[in-house]
Amino acid sequence: MGGTMDSDEFFDILSNSTRIDTLQALANAYEETPADPWLEYNELRTTVGVRDNGNFNYHLDRLGDLLVKGPAGYRLSHVGMVILSTVASGVFDPDWEWGPVDAPGDCQYCDESVQLVYEDGNLWLTCGTDNHTIPLSVPPSVLDSHPDDAVVEQVAVLQNQWSALTRQGICADCSGHVDGDIRYGGVREDHYHYHGECHRCGLHHGVPVGLFVLGHSTVRAFYHERGVDIRTTPFWALDFCEPGSETVLSTDPLRLRIDVTYDDDELRVTLDGDGTVVSTEYP
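Here the sequence shown is numbered in numbering that gives the first Met the number 0, starting from 0 and rising by one per residue.
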């Protein structure tokens, strides 16, 4: 299986429990003794629970570049570790469910209280009305590894990171190149948002303009000076991140103003049509 692994090969590997168990056994060996992560052939086969050598050899061959073979036996390659980490995140389990857990802030559509719920392979911010839900890119591993009262902060960190990567032209899912611009309409017809497209995986990123500027250095400094770590603040609880809260200064060329506020203080951030911050000012 040398060379580039295509998607068919990838999913073929993940579809077989013996191969997954083999990767997991080698990952456990690495966790226990990272300086010596090798497992001898018979030890590995016994750990995985396969009696027949021929059958086990077939699966080792199919794993190919995900393993490294040496005099001491087998260990995971970096690619194998990446794949196993992806599996461990839980993103391939469509039946996994979690929540609901109460979240701060109100629904951006109807001002009702909101909760976080994971179902159908996605984390949702919802008030209970189906067409008011907001999808959040968060894997089950985050929700399953932290107590419920700490999850909101972890979700906020990931969403702010996703927005910051998108603003820098990096796809948060595959790390490919993203470019885009500010557009009007979409799911809600009465607001602008940043629309980015990844040219590697094809994913489309839709980011409210308030969230899009949240990671800007001036915005972070504004909150830091007031004792707030904006990186751990959920964007949906911030008024200036609500869709439609932006002010249109001009349409040709496009200029949008986002009023970042804290108590009685205000920072005005102006975006152009490409999503670039062209000015910041205190009124």
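In this text, a Cβ means the ideal position worked out from N, Cα and C, and glycines have one as well. Note that the coordinates shown come from a computational prediction; the quantities given were computed from them, not determined experimentally.
Report the three-state DSSP secondary structure of residue 132 (helix, strand or coil).
Residue 132 falls in the coil class under three-state DSSP.
Just list the residues that DSSP pairs residue 207 with in beta bridges.
DSSP, once it has assigned bridges, lists 192 as partnering residue 207.
Would you say the segment 259-274 touches the segment 203-213, given that touching needs at least three Cβ pairs under 8 Å?
yes
Just to confirm my understanding: we take residue 147, look at its own chain, exclude 5 residues before and 5 after, and list those with CB closer than 8 Å. What are they?
Cβ neighbours of residue 147 within its own chain (closer than 8 Å, five residues either side excluded): 100.
Quick check: the Cα distance between residue 265 and residue 175, rounded to an integer number of angstroms?
35 Å
Roughly how far, in whole angstroms, is the beta-carbon of residue 242 from the beta-carbon of residue 282, given that I think they are within contact range, below 8 Å?
Actually they do not touch by this definition, with Cβ atoms about 23 Å apart.
Let me know if residue 117 comes out buried or exposed under the rule of 16 or more other beta-carbons within 10 Å of its beta-carbon.
buried
Distance check for residue 119 and residue 195, CA to CA, integer angstroms please.
24 Å
Whole angstroms is fine: what's the gap from residue 1's alpha carbon to residue 26's?
Because residue 1 carries a pLDDT of 45, less than 50, the predicted location of this residue cannot be relied on, and the following value inherits that uncertainty. If you take the alpha carbons of residue 1 and residue 26, they lie about 21 Å apart.
Is residue 167 helix, strand or coil when you go by DSSP?
coil
Out of 226, 268, 172, 158, state which residue places its alpha-carbon closest to the alpha-carbon of residue 244.
268
Using CA atoms only, rank isn't needed, just tell me which of 54, 28, 62 is closest to residue 8.
62
For residue 157 and chain C, any beta-carbon pair shorter than 8 Å?
As a matter of chain content, chain C is missing from the structure shown, which is built from one protein chain.
Starting from residue 61 and walking both ways along the alpha helix (DSSP H), at which residues does that stretch end?
Where residue 61 is concerned, the enclosing alpha helix (DSSP H) stretches over 52-62.
Out of curiosity, what's the CA-to-CA distance linking residue 76 and residue 67?
6 Å
Select from 69, 34, 18, 65 the residue whose C-alpha is nearest the C-alpha of residue 46.
18
Please list, in chain order, all residues of the same chain as residue 137 whose beta carbon is under 7 Å from its beta carbon, the five residues on each side excluded.
122, 154, 157
For the alpha helix (DSSP H) containing residue 83, list its first residue and its last residue.
77-87
Assuming residue 171 contacts residue 161 (C-beta within less than 8 Å), just tell me the rounded distance between them.
4 Å
Suppose the cutoff is 6 Å on Cβ atoms and the five residues either side in sequence are ignored; what does the same chain contact list for residue 48 look like?
none
Using only alpha-carbon positions, find the residue among 39, 42, 179, 139 that is nearest to residue 271.
179
Reducing DSSP to helix, strand and coil, say where residue 29 ends up.
Annotated three-state conformation of residue 29 is helix, per DSSP.
Less than 8 Å between the CB atoms is what I'm expecting for residue 72 and residue 38, so what's the real figure, rounded?
5 Å
Just to confirm the assignment, what range does the alpha helix (DSSP H) spanning residue 49 have?
Residue 49 -> no alpha helix (DSSP H), and no H or E assigned at all.
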